[in-house]
Amino acid sequence: MAILDIDNVKPGMTLSEAVRNHQDQLLLDGGRRITEKSIRIFKSWGIRRVAVKSGPRGDDPGDGDTAAGLATAIEEGLRARFGDVLTDPLMAAIMQAAGRQLAARQKKKTGDVRS
Amino acid sequence: MSEADLKRLIARVEDLPTLPRTVLRITEMVNDPRASARDLSRIITEDQVLTARLLKLVNSSFYGFPQRIATVTGAIVLIGFDAIRNLLLTTSVFDLFPSRTAKSRRHQEALWDHSLGCAVGAKAIGEVLRHEKLEELFVAGLLHDIGKIVEMARLPDEFERITVRAREGRMMIAAAETEILGCTHAEIGRLLLDRWKLPVKLMNTIAFHHAPLAAGGFALETSIVHLADILARALQLGSGGDDKVPLLDTSAWELLRLKTSSLEPIMSTMLDEFGDISAFLR
Chain P
1 MAILDIDNVK
11 PGMTLSEAVR
21 NHQDQLLLDG
31 GRRITEKSIR
41 IFKSWGIRRV
51 AVKSGPRGDD
61 PGDGDTAAGL
71 ATAIEEGLRA
81 RFGDVLTDPL
91 MAAIMQAAGR
101 QLAARQKKKT
111 GDVRS
Chain H
116 MSEADLKRLI
126 ARVEDLPTLP
136 RTVLRITEMV
146 NDPRASARDL
156 SRIITEDQVL
166 TARLLKLVNS
176 SFYGFPQRIA
186 TVTGAIVLIG
196 FDAIRNLLLT
206 TSVFDLFPSR
216 TAKSRRHQEA
226 LWDHSLGCAV
236 GAKAIGEVLR
246 HEKLEELFVA
256 GLLHDIGKIV
266 EMARLPDEFE
276 RITVRAREGR
286 MMIAAAETEI
296 LGCTHAEIGR
306 LLLDRWKLPV
316 KLMNTIAFHH
326 APLAAGGFAL
336 ETSIVHLADI
346 LARALQLGSG
356 GDDKVPLLDT
366 SAWELLRLKT
376 SSLEPIMSTM
386 LDEFGDISAF
396 LR
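As you go down the protein sequences, you meet chains P and H in turn.
Each residue of the first sequence is one higher than the one before, counting from 1 in the numbering used here.
Each residue of the second sequence is one higher than the one before, counting from 116 in the numbering used here.
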């Protein structure tokens, strides 16, 4: 699995995880092929990154990579938001706490979907 | 921006909507010492939508009452006149600015989520600080960006330019607003609440949520909303029109006297309550 910035996502790729908007509404389910229209919809909802299957036949290396990719994606997203203020120790602490909370929620959500 | 400039801008915004008649009557009644719970209940129950919303909210985890509250009078007795006025106000305001296009609807929904994130954050911070007026904090959080709603609904072209400018210039939306409109959403929000004759505390909290210490006697409540706004942005609850997290005002943080370690439990509460209350208010 690879987490790709939305600008690098191409039609024909396959989603490895469902994409949901900020209201948790399903935009496209995991396993579905991405089309130009779905990329347009993701962008219109402000989706920044999606998880796609990495191999040509959609081989997925497993949960370890998923968790690591997720943590990286969350941190990258937060760093972009906090970019200007991270030199402030309190803001850095807020960012780290938010990262832990978001990762925990995402992990729970992914677990709920799989179980 | 001078008051005269702001008024000229507001003239362009044309007729700002008035509050629903029921909410106005309730606001008057809350200030009338002779009014009883039964009088208030009679007015609320004339409006089926308000009645349904009120009962949904008092039965949500926002209050967490162990028993089910089935009547409006019961709700009034339990949570009080001020709380009822605030909650009804909350649930009515966003209806006053209907979106005209699909794009503006998406902006508005994202802003609604951000506002709700700020509201649950203000309440969660208030709980840690043992603040007595939690629903007041909730309402202030929910309405803190009401000026942006006015911009979206009445100045859609300018609002589009503002969001583009904020994104491309990597700046806070307030800075882009100042460039393009000559004033910020906080000033527009203050004017709207002034026109609606809403409490001065609420008006000042909204007007100064980016500079809390300027709110004078309401600096504590304004600092709470200021921090809640930042935490909602950090948790990516909706969008305030830009994707930036502003710097927390040092004086506001000192005034709150919170420990850094309390921030993560507050965020956890925010994420828990956001989903639950969102379902009840929609």
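Ideal placement from N, C-alpha and C gives every residue a C-beta, glycine not left out.
The structure displayed is predicted, hence computed values, not measured ones.
So, helix, strand or coil for residue i, using DSSP?
i	result
residue 234 of chain H	helix
residue 56 of chain P	Residue placement at residue 56 of chain P cannot be trusted, given a pLDDT of 38 that sits under 50; the coordinates are not used to answer.
residue 141 of chain H	helix
residue 177 of chain P	Residue 177 of chain P lies beyond the range of chain P shown here (1 to 115); nothing can be said about it.
residue 84 of chain P	coil
residue 15 of chain P	strand
residue 102 of chain P	helix
residue 61 of chain P	Caution applies to residue 61 of chain P, whose pLDDT of 42 falls short of 50 and renders its modelled position unreliable; the value that the coordinates give is listed next. Note: residue 61 of chain P maps to coil in three-state DSSP.
residue 357 of chain H	coil
residue 185 of chain H	coil
residue 215 of chain H	coil
residue 34 of chain P	coil
residue 157 of chain H	helix
residue 40 of chain P	helix
residue 260 of chain H	coil
residue 373 of chain H	coil
residue 245 of chain H	coil
residue 28 of chain P	strand
residue 326 of chain H	coil
residue 4 of chain P	strand
residue 405 of chain H	Lying outside 116 to 397, the shown extent of chain H, residue 405 of chain H is not represented and no answer is given.
Buried or exposed for residue i, going by 16 or more other Cβ atoms inside 10 Å?
i	result
residue 355 of chain H	buried
residue 164 of chain H	exposed
residue 5 of chain P	exposed
residue 26 of chain P	exposed
residue 364 of chain H	buried
residue 55 of chain P	With a pLDDT of only 46 at residue 55 of chain P, under the threshold of 50, the placement of this residue in the model should not be trusted; the figure read from the coordinates follows. Per the 10 Å Cβ criterion, exposed.
residue 361 of chain H	buried
residue 351 of chain H	buried
residue 359 of chain H	buried
residue 62 of chain P	Here residue 62 of chain P scores only 47 on pLDDT, less than 50, and its place in the model is too uncertain to base an answer on.
residue 11 of chain P	exposed
residue 263 of chain H	buried
residue 284 of chain H	exposed
residue 279 of chain H	exposed
residue 314 of chain H	buried
residue 201 of chain H	buried
residue 337 of chain H	buried
residue 176 of chain H	exposed
- Query: Are the stretch 255-267 of chain H and the stretch 330-347 of chain H in contact at 8 Å, needing three or more beta carbon pairs?
  - Reply: By the Cβ rule, the stretch 255-267 of chain H counts as touching the stretch 330-347 of chain H, because three or more pairs are nearer than 8 Å.
- Query: Okay, do the stretch 377-393 of chain H and the stretch 218-236 of chain H touch, 3+ Cβ pairs below 8 Å being the bar?
  - Reply: Yes, since at least three Cβ pairs between the stretch 377-393 of chain H and the stretch 218-236 of chain H fall closer than 8 Å, the two stretches touch.
- What are the uninterrupted segments assigned as alpha helix (DSSP H) that are 4 or more residues long and contained completely in the stretch 283-307 of chain H, given in chain order? The stretch 283-307 of chain H contains these whole alpha helix (DSSP H) runs: 288-295.
- Query: Touch check for the stretch 262-269 of chain H and the stretch 214-232 of chain H: three-plus C-beta pairs under 8 Å?
  - Reply: Three or more beta-carbon pairs drawn from the stretch 262-269 of chain H and the stretch 214-232 of chain H are found closer than 8 Å, and the two stretches are therefore classed as touching.
- Taking a Cβ distance cut-off of 8 Å, strictly less, list which residues of the stretch 357-369 of chain H are near chain P, in chain order. Listed in sequence order: 358, 359, 360, 361, 362, 363 and 368.
- Mind the definition here: the stretch 78-89 of chain P touches the stretch 328-335 of chain H only if three or more C-beta pairs lie below 8 Å; say whether that holds. The answer is no - the stretch 328-335 of chain H does not touch the stretch 78-89 of chain P, with fewer than three Cβ pairs under 8 Å.
- Task: Using a Cβ-Cβ cut-off of less than 8 Å, give me the residues of the stretch 81-115 of chain P that come near chain H, in sequence order.
- Result: Listed in sequence order: 81, 82, 83, 84, 85, 88, 90, 91, 93, 94, 95, 97, 98, 100, 101, 102 and 105.
- Message: For the pair the stretch 154-171 of chain H and the stretch 200-207 of chain H, tell me if three or more CB-CB distances fall below 8 Å.
- Response: Touching, yes, given that three or more Cβ pairs across the two stretches are closer than 8 Å.
- Item | Within 8 Å of chain P by C-beta, residues of the stretch 224-237 of chain H in sequence order | Within the stretch 224-237 of chain H, the residues whose Cβ lies closer than 8 Å to some Cβ of chain P are 224, 225 and 228, listed in chain order.
- Evaluate contact between the stretch 211-221 of chain H and the stretch 283-303 of chain H, counting only Cβ atoms and requiring at least three cross-stretch pairs below 8 Å. No, they do not touch.
- Task: Could you tell me whether the stretch 371-383 of chain H touches the stretch 245-256 of chain H, using the rule of 3 or more Cβ pairs below 8 Å?
- Result: The stretch 371-383 of chain H makes no contact with the stretch 245-256 of chain H; the number of CB pairs closer than 8 Å stays below 3.
- Message: Counting beta carbon pairs with one atom in the stretch 36-54 of chain P and one in the stretch 320-327 of chain H, are three or more of them shorter than 8 Å?
- Response: The stretch 320-327 of chain H is not in contact with the stretch 36-54 of chain P.
- Which residues, in chain order, does the stretch 369-392 of chain H contribute to contact with chain P at a C-beta distance below 8 Å? Under the 8 Å Cβ criterion, the stretch 369-392 of chain H contributes 375, 378, 379, 382, 383, 386 and 390.
- Query: Would you say the stretch 180-191 of chain H touches the stretch 135-145 of chain H, given that touching needs at least three Cβ pairs under 8 Å?
  - Reply: No: the two stretches stay apart, fewer than three of their Cβ pairs being nearer than 8 Å.
- Against chain P: residues of the stretch 310-328 of chain H by CB proximity under 8 Å: Result list empty, no residue passes.
- Below 8 Å between beta carbons is the criterion; list the residues of the stretch 289-308 of chain H that meet it against any residue of chain P, in chain order. Residues passing the 8 Å Cβ filter: none.
- Query: Which residues, in chain order, does the stretch 334-351 of chain H contribute to contact with chain C at a C-beta distance below 8 Å?
  - Reply: Here chain C cannot be found, since the structure's protein chains are P and H.
- Item | Near-chain P residues of the stretch 159-193 of chain H - C-beta to any C-beta below 8 Å | For the stretch 159-193 of chain H, no residue has a beta-carbon sitting nearer than 8 Å to a beta-carbon of chain P.
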